[in-house]
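Enquirer: Take a look at this one; I'll ask things after.
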Amino acid sequence: MDAIILQILNGLDKGGAYALIALGLTLIFGTLGVVNFAHGALFMLGAFCSVTFARLLTISERVRDESVTFFEAYKEIPYLEVWYGDTGRAIVDWAVPLSILLAVPFMLLVGFAMERGLIRFFYKRSHAEQILVTFGLAIVLQEIVKYFFGANPIPLTAPPALAGSADVGALFGMPNVSYPMWRIVYFLFSLAVIAAVFAFLQLTTFGMVVRAGMADRETVGLLGINIGRKFTIVFGIAAVVAGLAGVMYTPILAPNYHLGMDFLVLSFVVVVVGGMGSLVGAVVAGFLLGILQSFASMTEVKDILPGIDQIIIYLVAVVVLLVRPRGLMGRKGVMES
Numbered sequence: 002m003d004a005i006i007l008q009i010l011n012g013l014d015k016g017g018a019y020a021l022i023a024l025g026l027t028l029i030f031g032t033l034g035v036v037n038f039a040h041g042a043l044f045m046l047g048a049f050c051s052v053t054f055a056r057l058l059t060i061s062e063r064v065r066d067e068s069v070t071f072f073e074a075y076k077e078i079p080y081l082e083v084w085y086g087d088t089g090r091a092i093v094d095w096a097v098p099l100s101i102l103l104a105v106p107f108m109l110l111v112g113f114a115m116e117r118g119l120i121r122f123f124y125k126r127s128h129a130e131q132i133l134v135t136f137g138l139a140i141v142l143q144e145i146v147k148y149f150f151g152a153n154p155i156p157l158t159a160p161p162a163l164a165g166s167a168d169v170g171a172l173f174g175m176p177n178v179s180y181p182m183w184r185i186v187y188f189l190f191s192l193a194v195i196a197a198v199f200a201f202l203q204l205t206t207f208g209m210v211v212r213a214g215m216a217d218r219e220t221v222g223l224l225g226i227n228i229g230r231k232f233t234i235v236f237g238i239a240a241v242v243a244g245l246a247g248v249m250y251t252p253i254l255a256p257n258y259h260l261g262m263d264f265l266v267l268s269f270v271v272v273v274v275g276g277m278g279s280l281v282g283a284v285v286a287g288f289l290l291g292i293l294q295s296f297a298s299m300t301e302v303k304d305i306l307p308g309i310d311q312i313i314i315y316l317v318a319v320v321v322l323l324v325r326p327r328g329l330m331g332r333k334g335v336m337e338s
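Here it is, written out as structure tokens:
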């Protein structure tokens, strides 16, 4: 029973990343009809926002190390700690969550630039052309990051207060069942972001117009609403969602330049399984496939079916598409003959 609880938790935090990326993908496909293969690169850019912010906070001053008395020694102390003492040290320790302050405006600008500078010219092109151009853009962004940050992973740590393990067994009446606290934080964070996106779309006038535009863009345009501008904002929001997913995932998986590609294909599978254009389907499929992948990675399962953890998501996708081509919650007619 302990192993089952741990695997479910593993699946939920991994599913949170899948769900957030797939949610952004679905927003873009549902509003603009664009298959955005550069969306994984947005996840990667969010992760490197965290890296950049952490480096800015740790710009250091070289000072004499008074603890060494036998010879002259020096150490690096962040300026924030020199200027503000314990408060500065705390700011440095909380660099990852604080980097959201950088990631939100940066990813919003990146989303606007991508949509206005490139994507809008491919609205009426075929999906094959959209995939080619956005995949090419993803490679360009990947190589830019590789040039500035190098090819090796850059580890980041969670704040000390959240770096340990939580006793999750107490919630289920089981002793000695602990789980990394930051992974729990990531799962809760993903739920908060998903709830914020749905609340924005369901409870605001802007969201109502966007949902109407997703259903019938031409009719909304005839009402005198500049739906194109609103869709640009939606693209920016989708970029922010992917970026936030990347920011908070950095203590779990060290950022590297191909991080976006690692998550991109899996996230597209999630979108297809959930149903193209279905926001709820993307979220449900993200968590479902995350849990399935977690259970498939158990040693007991891999002993029976070697390599199953590498293909389980694709097997599920094949089965779902054979039985229900539109996906679990896709609109009727989407991907159906």
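The working numbering applies: residue 2 is where the sequence shown begins, and numbers increase by one. Just so it is clear, CB atoms sit at the ideal spot from N, CA and C, and this is done for glycine as well. Model, not experiment: these values are computed from the prediction.
1) Judging by CA-CA distance, which residue of G291, I195, R117 and G137 is the nearest neighbour of G229?
2) Please state if the CB of Y187 and the CB of G17 are separated by a distance shorter than 7 Å.
3) Taking DSSP as the reference, what is the three-state secondary structure of W95?
4) Rounded to a whole number of angstroms, what is the C-alpha to C-alpha distance between L21 and A240?
5) Please go through the same chain and pick out, in chain order, the residues whose beta-carbon is closer than 6 Å to the beta-carbon of G109, but skip the five residues on each side of it.
6) For G214, which residues of its own chain have a beta-carbon under 6 Å away from its beta-carbon, when the five flanking residues on both sides are left out?
7) Could you spell out the range, first to last residue, of the alpha helix (DSSP H) harbouring P106?
8) Please list, in chain order, all residues of the same chain as G12 whose beta carbon is under 6 Å from its beta carbon, the five residues on each side excluded.
9) Within this structure, are the beta carbons of A159 and W183 separated by less than 7 Å?
10) Figure out for me which residue from F123, E62, D168 and F199 has the closest Cα to the Cα of E77.
11) Check whether the stretch 43 to 52 touches the stretch 255 to 271, taking contact to mean three or more Cβ pairs, one atom from each stretch, closer than 8 Å.
12) Do C50 and V248 have their CB atoms nearer than 7 Å?
13) Between S191 and K125, what straight-line distance do the alpha-carbon atoms span, to the nearest angstrom?
14) If you reduce the DSSP assignment to three classes, tell me which class S338 lands in.
15) Consult DSSP for A167 and reduce its assignment to one of helix, strand or coil.
16) Rounded to the nearest angstrom, what separates Y19 and P98 at their Cα positions?
17) For the alpha helix (DSSP H) holding T292, just list the boundary residues, first then last.
18) Put I78 into one of helix, strand or coil per three-state DSSP.
19) Does the separation of the CB atoms of V35 and Q143 fall below 7 Å?
20) Suppose you measure from the CA of N37 to the CA of D310; what does that come to, to the nearest Å?
21) In the DSSP assignment, find the alpha helix (DSSP H) that holds L73 and state where it starts and stops.
22) Taking only the alpha-carbon atoms, compute the straight-line gap between F30 and R327 and give it to the nearest angstrom.
23) Where does S127 fall in DSSP's three states?
24) Along the chain, where does the alpha helix (DSSP H) containing Y180 start, and where does it finish?
25) Drop a sphere of 10 angstroms on the beta-carbon of T135, count the other beta-carbons inside from all chains shown, and report buried for 16 or more, exposed for fewer.
26) Check V64 in the structure and name its three-state DSSP category.
27) Apart from the five residues on each side of it in sequence, which residues of its chain come closer than 6 Å, Cβ to Cβ, to E301?
28) Given S341, which residues of its chain have a CB within under 8 Å of its CB, disregarding the five upstream and five downstream residues?
29) Spatial neighbours of S338 within its chain, please: CB distance less than 8 Å, with the 5 preceding and 5 following residues excluded, ordered by chain position.
30) Under the rule that 16 or more other beta-carbon atoms within 10 Å means buried, what is L24, buried or exposed?
31) Find the nearest neighbour of V266 within the set L7, L189, L280 and A39, judged by alpha-carbon distance.
32) Using CA coordinates, which residue listed in N177, S279 and A318 is at the minimum distance from D3?
33) What's the gap between the Cα of T88 and the Cα of A162?
34) Quick check: A96 and F54, are their CB atoms within less than 7 Å of each other?
35) For the candidate residues P181, P156 and A243, whose alpha-carbon lies nearest to that of I195?
36) Between F150 and R56, what straight-line distance do the alpha-carbon atoms span, to the nearest angstrom?
Expert: With the given structure in hand:
1) On the sequence shown, position 228 is the one that residue 229 refers to. The option with the nearest alpha carbon to G229 is R117.
2) For the purposes of this step, residue 17 is taken as the residue at position 16 of the sequence shown. For the purposes of this step, residue 187 is taken as the residue at position 186 of the sequence shown. Taking 7 Å as the Cβ cut-off, G17 and Y187 qualify as a contacting pair.
3) The residue you call residue 95 lines up with position 94 of the sequence shown. If DSSP states are grouped into helix, strand and coil, W95 belongs with coil.
4) For this step, residue 21 is matched to residue 20 along the sequence shown. For this step, residue 240 is matched to residue 239 along the sequence shown. One C-alpha to the other measures close to 10 Å.
5) Walking along the sequence shown from the start, residue 109 turns up at place 108. The identity of residue 109 in the sequence shown is Leu, whereas the question assumes Gly. Correct list, in chain order: G237 and V241.
6) What you label residue 214 is simply residue 213 of the sequence shown in a count that begins at 1. So the qualifying residues of the chain are V221 and I228.
7) What you label residue 106 is simply residue 105 of the sequence shown in a count that begins at 1. Per DSSP, P106 belongs to the alpha helix (DSSP H) from I101 to G118.
8) Counted from its first residue, the sequence shown places residue 12 at position 11. Counting only Cβ-Cβ distances below 6 Å, and skipping sequence neighbours, we find G291, I292 and S295.
9) Stepping through the sequence shown from its first residue, residue 159 is reached at position 158. Stepping through the sequence shown from its first residue, residue 183 is reached at position 182. Against a cut-off of 7 Å, the Cβ pair of W183 and A159 comes out as a contact.
10) Taking the sequence shown and counting its residues from 1, the one referred to as residue 77 is at position 76. The option with the nearest alpha carbon to E77 is E62.
11) The stretch 43 to 52 vs the stretch 255 to 271: in contact.
12) Residue 50 sits at position 49 when you count from the first residue of the sequence shown. Residue 248 sits at position 247 when you count from the first residue of the sequence shown. Contact: yes.
13) By one-based count along the sequence shown, residue 191 stands at place 190. By one-based count along the sequence shown, residue 125 stands at place 124. In a straight line, the C-alpha of S191 is about 33 Å away from that of K125.
14) Within the sequence shown, residue 338 is the residue found at index 337, counting from 1. Annotation note: pLDDT 47 at S338 (below 50); position unreliable, no value reported.
15) Looking up residue 167 in the sequence shown gives position 166. If DSSP states are grouped into helix, strand and coil, A167 belongs with the strands.
16) As a position in the sequence shown, residue 19 is number 18, starting the count at 1. As a position in the sequence shown, residue 98 is number 97, starting the count at 1. Each residue's alpha carbon lies about 19 Å from the other.
17) Locating residue 292 in the sequence shown gives position 291, counting from the first residue. For the record, residue 292 in the displayed sequence is Ile; it is not Thr. The continuous alpha helix (DSSP H) containing I292 extends over residues L280 to A297.
18) As a working mapping, residue 78 is identified with position 77 in the sequence shown. In this structure, I78 counts as strand in the three-state DSSP scheme.
19) Translated into the one-based positions of the sequence shown, residue 35 becomes position 34. Translated into the one-based positions of the sequence shown, residue 143 becomes position 142. No, Cβ-Cβ distance for V35 and Q143 is not below 7 Å.
20) As a working note, residue 37 is residue 36 in the sequence shown. As a working note, residue 310 is residue 309 in the sequence shown. Spanning the two alpha carbons is a distance of roughly 26 Å.
21) Indexing the sequence shown from 1 puts residue 73 at position 72. Inspection of the sequence shows that residue 73 is occupied by Glu rather than by Leu. No alpha helix (DSSP H) contains E73, which DSSP labels as neither H nor E.
22) Start at 1 with the first residue of the sequence shown, and residue 30 comes out as number 29. Start at 1 with the first residue of the sequence shown, and residue 327 comes out as number 326. Inter-residue distance for F30 and R327 is about 14 Å (C-alpha atoms, whole angstroms).
23) Locating residue 127 in the sequence shown gives position 126, where the first residue counts as 1. In the structure shown, S127 sits in coil (DSSP, three-state: anything other than H, G, I, E or B).
24) The residue you call residue 180 lines up with position 179 of the sequence shown. No alpha helix (DSSP H) contains Y180, which is instead part of the beta strand (DSSP E) from S179 to P181.
25) The residue given as residue 135 occupies position 134 in the sequence shown. T135 comes out buried.
26) Working through the sequence shown from its first residue, we reach residue 64 at position 63. V64 falls in the strand class under three-state DSSP.
27) Residue 301 sits at position 300 when you count from the first residue of the sequence shown. A distance below 6 Å between beta-carbons, with the five flanking residues on each side excluded, links E301 to no residue of its chain.
28) Outside the shown range of the chain (2 to 338) lies residue 341, about which nothing can therefore be said.
29) For the purposes of this step, residue 338 is taken as the residue at position 337 of the sequence shown. The pLDDT assigned to S338 is 47, lower than 50, so where the model puts this residue is not dependable; a value taken from the coordinates is nonetheless given after this. The residues are P326.
30) Residue mapping note: residue 24 aligns to position 23 of the sequence shown, counting from 1. Under this definition L24 is a buried residue.
31) By one-based count along the sequence shown, residue 266 stands at place 265. Comparing Cα-Cα distances from V266 to each of L7, L189, L280 and A39, the minimum goes to A39.
32) Position 2 of the sequence shown, counted from the start, is the residue given in the question as residue 3. Comparing Cα positions, the closest option is N177.
33) Mapped onto the sequence shown, residue 88 falls at position 87. Mapped onto the sequence shown, residue 162 falls at position 161. Distance between the alpha carbons of T88 and A162 is about 15 Å.
34) By one-based count along the sequence shown, residue 96 stands at place 95. By one-based count along the sequence shown, residue 54 stands at place 53. At a Cβ-Cβ threshold of 7 Å, A96 and F54 count as neighbours.
35) If you number the sequence shown from 1, residue 195 lands on position 194. Per the Cα distances, A243.
36) Residue mapping note: residue 150 aligns to position 149 of the sequence shown, counting from 1. Residue mapping note: residue 56 aligns to position 55 of the sequence shown, counting from 1. Looking at the two C-alpha atoms, the distance is approximately 11 Å.
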